[in-house]
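One structure is given here, and the rest of the page talks about it.
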Amino acid sequence: MPVTVLIVDDSRLARFVVAKALATLQPDWHKIEASGSAEALELLKTATADVALIDFNMPDKDGLELASELRASRPNMPIAILTANIQDEIVSRARQIGAAFVAKPITVESLEGFIAGAALRLRAKPA
Numbered sequence: 065m066p067v068t069v070l071i072v073d074d075s076r077l078a079r080f081v082v083a084k085a086l087a088t089l090q091p092d093w094h095k096i097e098a099s100g101s102a103e104a105l106e107l108l109k110t111a112t113a114d115v116a117l118i119d120f121n122m123p124d125k126d127g128l129e130l131a132s133e134l135r136a137s138r139p140n141m142p143i144a145i146l147t148a149n150i151q152d153e154i155v156s157r158a159r160q161i162g163a164a165f166v167a168k169p170i171t172v173e174s175l176e177g178f179i180a181g182a183a184l185r186l187r188a189k190p191a
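Everything in the sequence shown is counted per the working numbering, starting at 65 for the first residue and increasing by one.
Here is the structure:
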């Protein structure tokens, strides 16, 4: 089953770094990108995503708001919030909505645990 990952970040460079790390970990997974929450929601009207990697700090709405919206319509989707803003409140809010927290700067090593867990969850998903 092909896996599609939604990468949402208002920085093109950050999206590139995340996509590159993801390609190292899962070279067969497809990537779709959005520069913000509104673009991501619009994109998901016509595209399907199995996993979401979402920046926390974005201009239109923060990544936790977007993750909450995705969680409402996709309760089993593996979602990670990506941010350098490591505050207990943000980590706690991410956990409350069932999202993982991955600290920036993103590297293969920092993304590896989440991606491995996402792959396991997707393989275990009932057909």
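Ideal Cβ placement from N, Cα and C applies to all residues, glycine included. Just so you know, these numbers come straight off a predicted model, no measurement behind them.
Given this structure, state the Cα-to-Cα distance separating residue i from residue j, to the nearest angstrom.
i      : j      : result
ILE170 : ALA164 : 14 Å
ALA102 : VAL166 : 22 Å
SER137 : PHE80  : 27 Å
LEU184 : LEU134 : 20 Å
HIS94  : LEU70  : 9 Å
ASP74  : LEU117 : 12 Å
Applying the 10 Å Cβ sphere with the 16-neighbour rule, what's the burial state of residue i?
i      : result
ASP92  : exposed
ARG40  : Shown here, the chain extends from 65 to 191; a query on residue 40 therefore has no answer.
GLY127 : buried
ASP152 : exposed
ALA87  : exposed
ALA188 : exposed
ALA180 : exposed
Nearest CA to the CA of residue i: which residue from the options?
i      : options                        : result
SER99  : LYS125, VAL72, ASN121          : VAL72
ALA9   : PRO123, GLN160, ALA113, SER137 : Beyond the ends of the chain as shown, which are 65 and 191, falls residue 9; an answer cannot be given.
LYS84  : ARG187, GLU173, LEU184         : GLU173
ARG76  : ILE96, GLN90, THR68            : ILE96
PRO142 : ILE154, LEU175, GLU153         : LEU175
MET122 : ILE179, LEU130, GLU153         : LEU130
ARG159 : VAL82, SER132, LEU184, GLN90   : SER132
GLN90  : LEU105, ALA104, PRO66, ASP74   : PRO66
Helix, strand or coil for residue i? Go by DSSP, reduced to three states.
i      : result
LYS125 : coil
LYS95  : strand
GLY177 : helix
ASP152 : helix
THR110 : coil
PHE165 : strand
VAL115 : strand
VAL72  : strand
THR147 : strand
ARG138 : coil
PHE120 : coil
GLN90  : coil
Stretch-stretch touch, CB-based, cutoff 8 Å, three pairs: the segment 145-157 with the segment 102-113: No contact exists between the segment 145-157 and the segment 102-113.
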